[in-house]
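Listed in order, the protein sequences are those of chains A and B.
Okay, so the first sequence: first residue is 1 according to UniProt numbering, each after it adds one.
Okay, so the second sequence: first residue is 1 according to UniProt numbering, each after it adds one.
Just so it is clear, CB atoms sit at the ideal spot from N, CA and C, and this is done for glycine as well.
2 protein chains.
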Amino acid sequence: MPEAAFAAADRAVIGDSEFDRDTALTRREPGVYDIDLSAGWTIISAVNGGYLLAVLGRALADALPHADPFTVSAHYLTASQPGPAVVRTDVVRSGRSLSTGQASLFQYDEDGTEVERIRVLASYGDLDTLPDDVRTSAKPPAIPPIEQCFGPEDGPAPVSGSSAITERLMLKLDPATLGWALGQPSGRGEMRAWFGLADGRDADPLSLLLAVDALPPTAFELGLSGWVPTVELTVHVRCRPAPGPLRVAITTRNLAGGFLEEDAEVWDSADRLVAQSRQLARVRLR
Amino acid sequence: MPEAAFAAADRAVIGDSEFDRDTALTRREPGVYDIDLSAGWTIISAVNGGYLLAVLGRALADALPHADPFTVSAHYLTASQPGPAVVRTDVVRSGRSLSTGQASLFQYDEDGTEVERIRVLASYGDLDTLPDDVRTSAKPPAIPPIEQCFGPEDGPAPVSGSSAITERLMLKLDPATLGWALGQPSGRGEMRAWFGLADGRDADPLSLLLAVDALPPTAFELGLSGWVPTVELTVHVRCRPAPGPLRVAITTRNLAGGFLEEDAEVWDSADRLVAQSRQLARVRLR
Numbered sequence: 001m002p003e004a005a006f007a008a009a010d011r012a013v014i015g016d017s018e019f020d021r022d023t024a025l026t027r028r029e030p031g032v033y034d035i036d037l038s039a040g041w042t043i044i045s046a047v048n049g050g051y052l053l054a055v056l057g058r059a060l061a062d063a064l065p066h067a068d069p070f071t072v073s074a075h076y077l078t079a080s081q082p083g084p085a086v087v088r089t090d091v092v093r094s095g096r097s098l099s100t101g102q103a104s105l106f107q108y109d110e111d112g113t114e115v116e117r118i119r120v121l122a123s124y125g126d127l128d129t130l131p132d133d134v135r136t137s138a139k140p141p142a143i144p145p146i147e148q149c150f151g152p153e154d155g156p157a158p159v160s161g162s163s164a165i166t167e168r169l170m171l172k173l174d175p176a177t178l179g180w181a182l183g184q185p186s187g188r189g190e191m192r193a194w195f196g197l198a199d200g201r202d203a204d205p206l207s208l209l210l211a212v213d214a215l216p217p218t219a220f221e222l223g224l225s226g227w228v229p230t231v232e233l234t235v236h237v238r239c240r241p242a243p244g245p246l247r248v249a250i251t252t253r254n255l256a257g258g259f260l261e262e263d264a265e266v267w268d269s270a271d272r273l274v275a276q277s278r279q280l281a282r283v284r285l286r
Numbered sequence: 001m002p003e004a005a006f007a008a009a010d011r012a013v014i015g016d017s018e019f020d021r022d023t024a025l026t027r028r029e030p031g032v033y034d035i036d037l038s039a040g041w042t043i044i045s046a047v048n049g050g051y052l053l054a055v056l057g058r059a060l061a062d063a064l065p066h067a068d069p070f071t072v073s074a075h076y077l078t079a080s081q082p083g084p085a086v087v088r089t090d091v092v093r094s095g096r097s098l099s100t101g102q103a104s105l106f107q108y109d110e111d112g113t114e115v116e117r118i119r120v121l122a123s124y125g126d127l128d129t130l131p132d133d134v135r136t137s138a139k140p141p142a143i144p145p146i147e148q149c150f151g152p153e154d155g156p157a158p159v160s161g162s163s164a165i166t167e168r169l170m171l172k173l174d175p176a177t178l179g180w181a182l183g184q185p186s187g188r189g190e191m192r193a194w195f196g197l198a199d200g201r202d203a204d205p206l207s208l209l210l211a212v213d214a215l216p217p218t219a220f221e222l223g224l225s226g227w228v229p230t231v232e233l234t235v236h237v238r239c240r241p242a243p244g245p246l247r248v249a250i251t252t253r254n255l256a257g258g259f260l261e262e263d264a265e266v267w268d269s270a271d272r273l274v275a276q277s278r279q280l281a282r283v284r285l286r
């Protein structure tokens, strides 16, 4: 776990880490940003959707008067590849406590024309100005201590070993949701893990956009293999995460008509529900 | 209940009902539609967000090559008023099985300039082409028979009696989530009801966009009163609803920092989960 794995001096910090460098954008003109999508966040050959969401989220944090994503809705159009991309943003509304923006990520086809990969609508605010009232019935996920959970480095890779993203993440899966990796899926649409960044960088609102889409698909525990492409993903960031590893719990209740929903909860080390997300994904039934 | 309340001949049908007339748009030019927002779907003076979502959903059903909303993400910018509005749509991507579009609803300020009310991103498809596989762990909500539930017409209006929308809906609330109306909120963030259209029109994918945002706020059962404006609402339509009344169950687990989520499930008379939604809303704590 990060606490154990890093002497304080060796840990990356927010603003100076792999995640920050790989989501950094260059402003071409007001509202338009260039980025080279890193091959370090790919699963097999596809760029992770959470990493892409963080890239778009960072662009909007620059373009909007508010810095923190409160709710981000993304519709995934075509598969992104590592390499050059441009993000075009549009300020929809600037309010006192909330502002709303739109952003699209484009890449280029053979003849250089832009192809849209993702479009997002998002409302931003300032998490630090929110009252600290909490009335919640939500409970942190039941997940064993991090040292009793398993990651790709713990033997026969439960997460695809050919995925570069596994080297960027501290991902320790709950053994109770690892049956799929041993050929014995539980049949329950659940996936739980401890989550952090491999270089020890603590979580912030932007990295929460990555955290909600970084676990193996719940479909694996439903006995399905293969690709589960996201159609739409909406994230709510509910408060600024405390330092330390996150716990992510993902649940699928309804697989029907070749689609399923994945509901994710992200909890911080202070036992606060820091983010909620839901995505609609397609499944290729075998 | 609609079955009992209407002789077949008296029941409105899909395509010829209050809901269809009040969401009907006039195409001004390709992708641009005019509508007069009906005062019949207001809560106090505000136009219901679900009705507005259905208006935008109908515009996109016309503008896109696919007719059924699969996932619709709406960000609410300013409060809509009954009266003239224009919907501007944009086809983002046309695919074989899914197409994605964007739509904005505008009204006019004193000097006639357009003010954006809502912006949506949505992916559409054809529900009738989906395989009928279902692997679900979701259970229909525990809700008493419709004749044991209560609506505004059943005495001291549990739903604000000054809301025109109550005359358009068949809304029968589970007594277990009616404590707020009797000054004894349960403290649980739950709201459940039988839902239909008052003229007996059966549900379709567009009316599901209304159903997910038509119940009283769960905040009432948390002991809060006052306005709970929606910031963002995303709906997934999972299958075409069967004829007959719907059951809608809404849950709030986390009220924090002046915001809460409302998760809605809509079940049809065939016990199928036909829609799921989640919204982020602001609460004014008393």
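When we look at the beta-carbon of residue i and count the other beta-carbons within 10 Å, is it buried (16 or more) or exposed?
i      : result
Q184/A : exposed
A63/A  : buried
L127/A : buried
P205/B : buried
E110/A : exposed
G15/B  : exposed
D199/A : buried
V13/A  : exposed
G125/A : buried
D268/B : buried
T26/B  : exposed
D36/A  : exposed
Q276/B : buried
P158/B : The pLDDT assigned to P158/B is 48, lower than 50, so where the model puts this residue is not dependable, and the model offers no usable value.
T113/B : exposed
S160/A : With a pLDDT of 49 at S160/A, under the threshold of 50, the modelled position of this residue cannot be trusted, and the question is left open.
A219/A : buried
P144/B : exposed
A24/A  : exposed
A9/B   : exposed
P152/B : buried
F19/B  : buried
P2/A   : Note that P2/A has pLDDT 46, beneath the 50 cutoff, so the model's placement of it is unreliable and the number below is only indicative. Result: buried.
R119/B : buried
If distances are taken between C-alpha atoms only, which option among the options comes closest to residue i?
i             : options                        : result
W41/A         : V235/A, P30/A, R21/A           : R21/A
T129/A        : R278/B, A281/B, A256/B         : A256/B
R135/A        : Q276/A, F150/A, R272/A         : R272/A
G244/B        : H236/B, L222/B, A270/B, F106/B : A270/B
P65/B         : K139/B, G101/B, V274/B         : G101/B
A138/B        : R282/B, V274/B, E29/B, A281/B  : V274/B
G49/A         : P30/A, A24/A, T234/A           : T234/A
L208/A        : T218/A, L169/A, G179/A         : L169/A
residue 289/A : S99/A, V91/A, Q81/A, P82/A     : Coverage of chain A is limited to positions 1 through 286, which leaves residue 289/A absent and any answer about it impossible.
A203/B        : S17/B, P241/B, F19/B, A122/B   : P241/B
D213/B        : R201/B, T177/B, I250/B         : I250/B
P140/B        : E265/B, L56/B, Y33/B           : E265/B
R247/B        : E261/B, P229/B, V228/B, L215/B : L215/B
G187/A        : L222/A, I146/A, G95/A          : L222/A
R11/B         : E261/B, R201/B, W227/B, L280/B : R201/B
P217/A        : A39/A, F259/A, F19/A           : F259/A
V228/B        : L280/B, F19/B, P82/B, A142/B   : L280/B
V91/B         : L121/B, T78/B, G83/B           : L121/B
Q148/B        : E261/B, T177/B, L224/B         : T177/B
R96/B         : A39/B, S123/B, Y108/B, S104/B  : S123/B
On the premise that residue j lies in contact with residue i, defined as a C-beta separation below 8 Å, what is that separation, rounded to the nearest angstrom?
i      : j      : result
R253/A : G189/A : 7 Å
H236/B : F106/B : Incorrect: roughly 26 Å between the Cβ atoms, too far for contact.
R93/B  : E116/A : 7 Å
D263/A : R278/A : 5 Å
L52/A  : S17/A  : The Cβ separation is near 18 Å, so there is no contact.
Return yes when at least one heavy atom of the ligand SAH lies under 8 Å from the C-beta of residue i, else no.
i      : result
W180/A : With respect to the ligand SAH, the structure shown offers nothing to examine, as it has no ligands at all.
Whether or not the stretch 165–173 of chain B and the stretch 181–201 of chain B are in contact is what I'm after, with contact meaning three or more pairs of Cβ atoms, one per stretch, closer than 8 Å; do they touch? yes
With contact counted as at least three CB pairs below 8 Å, one residue from each stretch, are the stretch 63–78 of chain B and the stretch 34–48 of chain B in contact? no
Would you check if the stretch 82–91 of chain A and the stretch 48–62 of chain A touch, i.e. whether three or more CB-CB distances between them fall below 8 Å? yes
Within the stretch 217–284 of chain B, note down every full beta strand (DSSP E) run reaching 3 residues or more, in order along the chain. 230–237, 246–251, 254–256, 259–267, 273–282
Runs of alpha helix (DSSP H) wholly within the stretch 40–73 of chain B (minimum 4 residues, chain order): 49–63
Beta strand (DSSP E) segments (min. 3 residues) lying fully within the stretch 167–206 of chain A: 169–173, 190–197
Quick check on the DSSP output: what are the complete beta strand (DSSP E) runs of length 3 or more inside the stretch 70–127 of chain B, in order along the chain? 83–94, 99–108, 114–125
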